[in-house]
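Asker: Protein sequence lines correspond, in order, to chains U and Y.
Taking numbering that gives the first Met the number 0, I'd label the letters of the first sequence as residues 0 to 455.
Taking numbering that gives the first Met the number 0, I'd label the letters of the second sequence as residues 0 to 197.
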Amino acid sequence: MNEHLKRLLEVKQIGIMTFDRDWTVVEIDQVAKTILATVEQSMSDRRLSAIFPELIGSESYIEEILDKKNNDLRLDYINRPDLNGNLKFLNLMILPSDRPNCGSLVLEDVTERALALQQINQQKYELFLYRHNSEFRRRFLSDSILGDSQAIRDLRETIHKVSRIPTTTVLLMGETGSGKNLAARVIHYSSMPADAPFVEINCAALPEHLLESELFGYEKGAFTHAVAQRQGLLEEAKGGTIFLDEIGELPINMQAKLLHVLETKKFRRLGSNQTIDVRSRIISATNRDLQHEVNRKNFREDLFYRLNVVSIRLAPLREMGDDIITIATHLLKIFNIEFKKMVNGFSDDAKQAMLNYSWPGNVRELSNCLERTMIFIEKDQIDAQDLIFFQSPSPQILPANQNWTVPSNGIVLEDVERQLIMSALTLARNNKSKAARLLGLTRDTLRYRLEKYQLE
Amino acid sequence: MADCCFVLLREPFSDTIHTMKNALVIKKKICLIGSFAVGKTSLIEQFVYNRFDETYLTTIGVKISQKILPPVEDHQCGRTIQHTFLIWDIAGIEKFDHMALNYFRGASGALAVADLTRRETIEELHKYCESFLTVNSTADLVIIGNKIDIFHEDQHIISDLRKVAEHYSTDFLLTSAKSGEYVDHAFLMLSKKIGNIS
Chain U
0 MNEHLKRLLE VKQIGIMTFD RDWTVVEIDQ VAKTILATVE QSMSDRRLSA IFPELIGSES
60 YIEEILDKKN NDLRLDYINR PDLNGNLKFL NLMILPSDRP NCGSLVLEDV TERALALQQI
120 NQQKYELFLY RHNSEFRRRF LSDSILGDSQ AIRDLRETIH KVSRIPTTTV LLMGETGSGK
180 NLAARVIHYS SMPADAPFVE INCAALPEHL LESELFGYEK GAFTHAVAQR QGLLEEAKGG
240 TIFLDEIGEL PINMQAKLLH VLETKKFRRL GSNQTIDVRS RIISATNRDL QHEVNRKNFR
300 EDLFYRLNVV SIRLAPLREM GDDIITIATH LLKIFNIEFK KMVNGFSDDA KQAMLNYSWP
360 GNVRELSNCL ERTMIFIEKD QIDAQDLIFF QSPSPQILPA NQNWTVPSNG IVLEDVERQL
420 IMSALTLARN NKSKAARLLG LTRDTLRYRL EKYQLE
Chain Y
0 MADCCFVLLR EPFSDTIHTM KNALVIKKKI CLIGSFAVGK TSLIEQFVYN RFDETYLTTI
60 GVKISQKILP PVEDHQCGRT IQHTFLIWDI AGIEKFDHMA LNYFRGASGA LAVADLTRRE
120 TIEELHKYCE SFLTVNSTAD LVIIGNKIDI FHEDQHIISD LRKVAEHYST DFLLTSAKSG
180 EYVDHAFLML SKKIGNIS
């Protein structure tokens, strides 16, 4: 082999081994030695089949290469563990050699390329499986419920069981922000074909007359503004799931109508006398104690029992122990990506502070808290004092008739402004963004004034 | 004629055969073929190491595992025989080009694996089996329906699997890499077919 070619192979980190007809290695260059050393391949046994058992079975074909009857033999992405147990990927190629009765084995470490390919394939195949395989979807979605506390394990188990029966009515109960919406989606996507509709309606967000037409749909002319026929959400959810969020807020009249639908599994569009079959799973959710609302006559008892075929209680965050840290760590990853930051974790104090806090708004509040923290933080670790547990009070708007009086001996307005800025900086622990918010200024305006008063 | 001698005469290059003390060591290359995520890697992990990992990690290229079976006395040969499987875990191939076929070269047999919960993977067995037999026309096949632990008995799927097995004049077996059910049976069935074990 000429020197230029040798140099090129060395630069490209491509190793060469020469072997004879007995499959004994007769020459090995430095690059090949280095590659083999990384995969803990000793050269005590110089038989090619001992170094590369991958070649077993190809003996006759390799013989033909040595006889120059075949051009080459390529084996790409041979998997080998390295010294740390991580996978290395090697490309092998057998070629005829210039040396009589010998062959050359060309060796290349292609680990980086292979790992990139693996990542691409992994995503491609997972997406395919997610779309086409309900069992995979169930497992995948189950993993999206984070944590390992007993409460979370019970929740996963119940969801897994409910997902197997795609017609069962489910009632999700839990405090605001405890993940009822996520649980509903996991149940839906785990039990239905990937393209089945998931129709969500917030019972508290719509006035009663709109709620009825939204749910049942209407015929043209059913009421003044019904200029065309429209399908209701119950119809749109055909073959899928209808998710009735905040069911505890459903007006009492609508409760009777919904009960009728649940009992007969049929409904009619407004203005129509034709019945339509309900062919969807109904999942409802509430943060109210529905039994209590039944006792107070705010919620129909018969509807409660109809909805409560399988009830799932979602534990509040404060009952989830160390899972709070698991969820916070997951959210941190997301905010790192979103805000292009490199915060790598929480100090022990920060973890303790999160564990001690009661989280009345549950995961939603935890998420908001960390989002606020991540906006302001400029370190690589979150400490307890960086966590902003409560929404900062809004800047006090002074009443228009507030009387500010100038002392009889006069005042320098700039001194007052300077004092207020210094006070805000102290309150915000020198965080300029926070100080600006306390003063009702933008960060840029504050920076301008800091320069003006030489407070930098 | 004894099985070991038969193997030796039939395909002198596909096996590595040498003596170890008094024992005759026979190495056989067998491949696991089939679409992605049907459980080929998990079947090997279960057979070779008795373990199962829920996490799906797609295989890139090829990984060889070795399983040494307990030595057996062959009375006809009058020798002890040590069977070793070189098991090739081959990534689900999308393009059956010359390079991909190199993975199959010199194999004595293959387990062609489908996922019982994904019917299309049974149809796809044909292209894997055809390509495999193009390179190894005399090799043996066993058709595997994997993931029996999550399979809801469906006669159409069983029937599809049976048809594939009949097409290649071989048998089929339902396995679970997760529970280990019939995994050893699958490998033993293949080794019997290729004349490895009497």
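Even glycine gets a Cβ: it sits at the ideal position worked out from N, Cα and C.
(1) Which of the three DSSP states, helix, strand or coil, is assigned to U:SER393?
(2) Would you give the residue range spanned by the alpha helix (DSSP H) that U:MET353 belongs to?
(3) Give me, in chain order, the residues of the same chain whose beta-carbon lies closer than 6 angstroms to that of U:ASN361; leave out the 5 immediate sequence neighbours on both sides.
(4) If you draw a straight line from the C-alpha of Y:GLU44 to the C-alpha of U:TRP22, how long is it?
(5) With a threshold of 16 other CB atoms inside 10 Å of the CB of Y:ARG50, please say whether the residue is buried or exposed.
(6) To the nearest angstrom, report how far apart U:PRO398 and U:ALA204 are at their CA atoms.
(7) With a cut-off of 8 angstroms, does the C-beta of U:GLN390 fall near any C-beta of chain Y?
(8) Using beta-carbon positions only, say whether U:GLU199 and U:ASP244 come within less than 8 angstroms of one another.
(9) Under 8 angstroms between the Cβ atoms of U:ILE275 and U:GLU300?
(10) Tell me which residue opens and which closes the beta strand (DSSP E) that U:ASP301 is part of.
(11) Counting Cβ pairs closer than 8 angstroms, one from the stretch 75-82 of chain Y and one from the stretch 436-452 of chain U, do we hit at least three?
(12) Taking Cβ positions, are U:HIS159 and U:ARG137 nearer each other than 8 angstroms?
(13) Taking the alpha carbon of U:ALA195 as the point to measure from, which residue in U:ARG280, U:VAL30, U:GLU211 and U:ALA255 has its own alpha carbon closest?
(14) Could you say which of Y:PHE186, Y:MET98, Y:ASN135 and Y:GLY33 lies nearest to Y:LYS66 if we only look at CA atoms?
(15) Quick check on U:MET373: does DSSP put it in helix, strand or coil?
(16) Beta carbon of Y:VAL112, beta carbon of Y:VAL37: below 8 angstroms?
(17) Checking contacts by CB at 8 angstroms: is U:ARG20 closer than that to chain Y?
(18) If you compare alpha carbons, which of U:HIS329, U:GLU413 and U:MET373 is closest to U:SER432?
(19) Give me the subset of the stretch 72-101 of chain Y whose CB atoms are less than 7 angstroms from a CB atom of chain U, sorted by chain position.
(20) Can a CB atom of chain U be found closer than 8 angstroms to the CB of Y:LYS26?
(21) Would you call the stretch 97-111 of chain Y and the stretch 111-122 of chain U in contact, with 3 or more CB pairs under 8 angstroms?
(22) First and last residue of the alpha helix (DSSP H) that includes Y:HIS74?
(23) Is there a Cβ from chain Y that is less than 8 angstroms from the Cβ of U:PRO192?
(24) In chain Y, which residues lie with their C-beta within 9 angstroms of the C-beta of U:HIS131?
(25) Can you confirm whether Y:LYS62, when its beta carbon is compared against all beta carbons of chain U, has any partner nearer than 8 angstroms?
(26) Which residues share a DSSP beta bridge with U:CYS101?
(27) Note down, in chain order, all residues in the stretch 28-41 of chain Y with a beta-carbon under 8 angstroms from any beta-carbon belonging to chain U.
(28) Taking the DSSP output, what are the residues bridged to Y:TYR55?
(29) Does any CB atom of chain U fall closer than 8 angstroms to the CB of Y:GLY144?
(30) So, is the C-beta of U:GLN351 closer than 8 angstroms to a C-beta in chain Y?
(31) Bridge partners for Y:CYS30 per DSSP, in chain order?
(32) Look up Y:GLN65 in the DSSP assignment and give the residues it is bridged to.
(33) Would you list, in sequence order, the uninterrupted alpha helix (DSSP H) runs of no fewer than 4 residues that lie entirely inside the stretch 240-286 of chain U?
(34) For U:MET341, is the classification buried or exposed, using 16 other Cβ atoms within 10 angstroms of its Cβ as the cut-off for buried?
(35) Out of Y:HIS82, Y:ALA109, Y:ASP52 and Y:HIS151, which has the shortest C-alpha to C-alpha gap to Y:ASP88?
Answerer: Once the coordinates are examined:
(1) Within the first sequence, residue 393 of chain U is the residue found at index 394, counting from 1. For U:SER393, the predicted structure reports a pLDDT of 40, less than 50, and the residue's modelled location is therefore unreliable. A value from the coordinates is still provided. In the structure shown, U:SER393 sits in coil (DSSP, three-state: anything other than H, G, I, E or B).
(2) Locating residue 353 of chain U in the first sequence gives position 354, where the first residue counts as 1. 347-355 is the span of the alpha helix (DSSP H), which, as asked, contains U:MET353.
(3) Within the first sequence, numbered from 1, the residue matching residue 361 of chain U stands at position 362. Cβ within range, chain order: GLU174, GLY176, SER177, PRO315 and LEU316.
(4) Stepping through the second sequence from its first residue, residue 44 of chain Y is reached at position 45. Stepping through the first sequence from its first residue, residue 22 of chain U is reached at position 23. Taken atom to atom, the span from the alpha-carbon of Y:GLU44 to that of U:TRP22 is near 30 angstroms.
(5) Locating residue 50 of chain Y in the second sequence gives position 51, counting from the first residue. So Y:ARG50 ends up on the exposed side.
(6) Locating residue 398 of chain U in the first sequence gives position 399, counting from the first residue. Locating residue 204 of chain U in the first sequence gives position 205, counting from the first residue. Per-residue confidence for U:PRO398 stands at a pLDDT of 49, beneath the threshold of 50, marking its modelled position as unreliable; no derived number is given.
(7) Here residue 390 of chain U corresponds to residue number 391 of the first sequence, with the count starting at 1. With a pLDDT of only 46 at U:GLN390, under the threshold of 50, the placement of this residue in the model should not be trusted, and no figure is reported.
(8) One-based indexing of the first sequence puts residue 199 of chain U at position 200. One-based indexing of the first sequence puts residue 244 of chain U at position 245. Closer than 8 angstroms, so yes.
(9) Here residue 275 of chain U is taken as the residue at index 276 of the first sequence, counted from 1. Here residue 300 of chain U is taken as the residue at index 301 of the first sequence, counted from 1. The answer is no: Cβ separation not under 8 angstroms.
(10) As a working note, residue 301 of chain U is residue 302 in the first sequence. Premise fails: U:ASP301 lies in the alpha helix (DSSP H), 300-306, not in any beta strand (DSSP E).
(11) Taking a cut-off of 8 angstroms for Cβ pairs, the stretch 75-82 of chain Y and the stretch 436-452 of chain U do not touch, as fewer than three such pairs fall below it.
(12) As a working note, residue 159 of chain U is residue 160 in the first sequence. As a working note, residue 137 of chain U is residue 138 in the first sequence. For U:HIS159 and U:ARG137, yes; Cβs fall inside 8 angstroms.
(13) For the purposes of this step, residue 195 of chain U is identified with residue 196 of the first sequence, where counting begins at 1. When only C-alpha atoms are compared, the closest one is U:ARG280.
(14) For the purposes of this step, residue 66 of chain Y is taken as residue 67 along the second sequence, with counting starting at 1. Selected option, being the one with the closest Cα: Y:PHE186.
(15) Reading the first sequence from its first residue, position 374 is the one you call residue 373 of chain U. In the structure shown, U:MET373 sits in a helix (DSSP, three-state: H, G or I).
(16) As a working mapping, residue 112 of chain Y is identified with position 113 in the second sequence. As a working mapping, residue 37 of chain Y is identified with position 38 in the second sequence. Contact flag set, yes.
(17) Here residue 20 of chain U refers to the residue found at position 21 when the first sequence is read from its first residue. No, its Cβ sits nowhere closer than 8 angstroms to a Cβ of chain Y.
(18) Within the first sequence, residue 432 of chain U is the residue found at index 433, counting from 1. Comparing Cα-Cα distances from U:SER432 to each of U:HIS329, U:GLU413 and U:MET373, the minimum goes to U:MET373.
(19) For the stretch 72-101 of chain Y, which is checked against every Cβ of chain U, the residues closer than 7 angstroms are LEU85, MET98 and ASN101.
(20) As a first step, residue 26 of chain Y is located in the second sequence; it is residue number 27 there, counting from the start. Yes - at least one Cβ of chain U is within 8 angstroms of the one on Y:LYS26.
(21) no
(22) The count along the second sequence starts at 1 and reaches residue 74 of chain Y at position 75. Segment: none, Y:HIS74 is in no alpha helix (DSSP H) and carries neither H nor E.
(23) By one-based count along the first sequence, residue 192 of chain U stands at place 193. With 8 angstroms as the cut-off, U:PRO192 does not count as an interface residue toward chain Y.
(24) As a first step, residue 131 of chain U is located in the first sequence; it is residue number 132 there, counting from the start. ARG117 and GLU119, listed in chain order.
(25) Reading the second sequence from its first residue, position 63 is the one you call residue 62 of chain Y. Yes, its Cβ sits closer than 8 angstroms to a Cβ of chain U.
(26) Along the first sequence, one-based indexing puts residue 101 of chain U at 102. DSSP, once it has assigned bridges, lists U:ASP19 as partnering U:CYS101.
(27) Taking 8 angstroms as the Cβ-Cβ cut-off against chain U, the residues of the stretch 28-41 of chain Y that qualify are LYS28, PHE35 and ALA36.
(28) Indexing the second sequence from 1 puts residue 55 of chain Y at position 56. DSSP links Y:TYR55 through a beta bridge to no other residue.
(29) Locating residue 144 of chain Y in the second sequence gives position 145, counting from the first residue. No, Y:GLY144 lies away from the interface with chain U (no Cβ there is under 8 angstroms from its Cβ).
(30) Taking the first residue of the first sequence as position 1, residue 351 of chain U is located at position 352. Judged by the 8 angstroms Cβ criterion, U:GLN351 is not in contact with chain Y.
(31) Looking up residue 30 of chain Y in the second sequence gives position 31. Paired residues: Y:TRP87 and Y:ALA109.
(32) By 1-based counting over the second sequence, the position of residue 65 of chain Y is 66. The partner list for Y:GLN65 (beta bridge, DSSP) reads Y:LEU85.
(33) 251-263
(34) Working through the first sequence from its first residue, we reach residue 341 of chain U at position 342. That one is exposed.
(35) Sequence index remark: in the second sequence, residue 88 of chain Y carries index 89 (1-based). It is Y:ALA109.
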